Ligand code: PLP
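In the working numbering, the protein residues as written are 446 to 900.
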């Protein structure tokens, strides 16, 4: 049962995968991953592949950490499960809540645990609305998000998200959620400096709040750097202006840090880097480096005080809220991040080095623009380079150049994700300078192969 063909056959017969065209999958067969160590993966055919995506933006500490499996094993033997409903708790969940409060910005003193990032965002929708009910302003129920945002796949997550393909499936979403444009300079910034565009893009929030009536708006949600949307790095003027607008109307500011949290941008939380003070933060992924599922919401004092002092029961929670094994994994993961100073390394050393080396790819004939922020980066594939990024001639969307390029990335032993014709990475935070050189070399080789095919 362990040979590749058998696994592929059973996979396509029985396993419905997320975001997958199953006819195409059945034709080609899935790639079967069997092992991970450091920044590398091995598939069932023995291919060694550099994981430029940290799994799904999550394996921040790299693969194969035996101290993680030891921590999980010990906790499974001690207490594999107990719930945190009905006035009960468990030691790892309490220790983790206290540690998260230490590593997060000062306005956070409370944590609500979930099993995933989607559940964290569902929790936020209910918590934000509950907050305004308790403030005797129940009409404040509208949450403003952004087009092309990804906030998860539950019904509330998909509704908060601004992905047209998701909204087109599965019927009506959650009412009271609206979307404004994303701060993508390449898409909307022609004729403006980046700073001017940042202010203009934040201004869309002000406009929409005025259209909706400020007294109807509960919150604004966004990722500090949009990940799944294609690593959209906002101009540095954008987030401070968003904060100013939220403050002006008294609406809650929510940061979805499911990707950006736990060092991804070279700060513990992306909000700190962007200079904002959110009221709520959604987290998941990097909290356990994906070794065990866990998510949650950091609840700032403004909301926590109202919930705890006025709220009585908050009728919300999951069987796995504060799961002791997941919390034990998170405690060990955060210990590693701290002891190895992985966040500091990305901020001061490997992040700037990646910026320099990855940025140099913009000289390649196929690359119109390349940028990074900490350990997320993206480059745009273009048909013909122009004098400025706005003069580049892009491929026809139907050409599927991004997918062709992604195939050559695999062939050159590197995993890079394609979002349309933008190729993106989010490598493990443990990646060294030598490994960055290796990764960029593989990307360059794959770009050469792609260019050769297109000629
Ligand atoms: N929010 C963001 C920004 C994400 O990138 C993701 C997943 O990629 C989610 C939420 C959903 O998290 P999960 O897949 O754990 O439900």
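Glycine residues also receive a C-beta, built at the ideal position from the N, C-alpha and C atoms. Source: prediction; values computed, not measured.
For residue 804, there is no enclosing beta strand (DSSP E); the residue is part of the alpha helix (DSSP H) that begins and ends at 796–804.
Put simply, the backbone Cα of residue 705 is about 32 Å away from that of residue 896. The shortest CA-to-CA distance from residue 455 to any of 474, 465, 567, 642 is the one to 474.
About 16 Å separates the beta carbons of residue 699 and residue 653, which is beyond the 8 Å limit, so they are not a contact pair. Set against 6 Å, the gap from the CB of residue 562 to the closest heavy atom of the ligand PLP is smaller.
Under the 10 Å beta carbon count, residue 761 is surrounded by fewer than 16 other beta carbons and is classified as exposed. Collapsing the DSSP output to three states places residue 841 in coil. Within 10 angstroms of the beta-carbon of residue 825 lie 16 or more other beta-carbons, which makes it buried. Contact annotation: the stretch 629–642 touches the stretch 674–685, with at least three C-beta pairs closer than 8 Å. In the DSSP assignment, residue 878 falls within the unbroken alpha helix (DSSP H) covering 878–899.
Using a Cβ distance threshold of 7 Å, residue 739 and residue 775 count as a contacting pair.
Placement of the Cβ of residue 765 at a distance of 6 Å or more from every heavy atom of the ligand PLP is found. If you check the C-beta of residue 595 against the ligand PLP, you find a heavy atom less than 6 Å away. Under DSSP, the beta-bridge partners assigned to residue 480 are 487.
Residue 736 is classed as buried because its beta carbon has at least 16 other beta carbons within 10 Å across all chains shown. In the three-state reduction of the DSSP assignment, residue 671 falls in the strand class. DSSP, read as helix, strand or coil, puts residue 779 in helix. DSSP places residue 555 in the strand class (E or B) of the three-state scheme. Under the three-state reduction of DSSP, residue 875 is assigned to coil, being neither helix nor strand. Residue side-chain check: residue 869 keeps its Cβ at 6 Å or more from all non-hydrogen atoms of the ligand PLP.
It is roughly 9 Å from the alpha-carbon of residue 512 to the alpha-carbon of residue 778.
Membership of residue 570 in the alpha helix (DSSP H) is indicated by the continuous run 562–579. Assignment of alpha helix (DSSP H) within the stretch 681–711, counting only whole runs of 4 or more residues, yields 683–694 in chain order. DSSP places residue 503 in the coil class of the three-state scheme, outside both helix and strand. Pairing residue 490 with residue 499, the inter-Cα distance amounts to about 20 Å.
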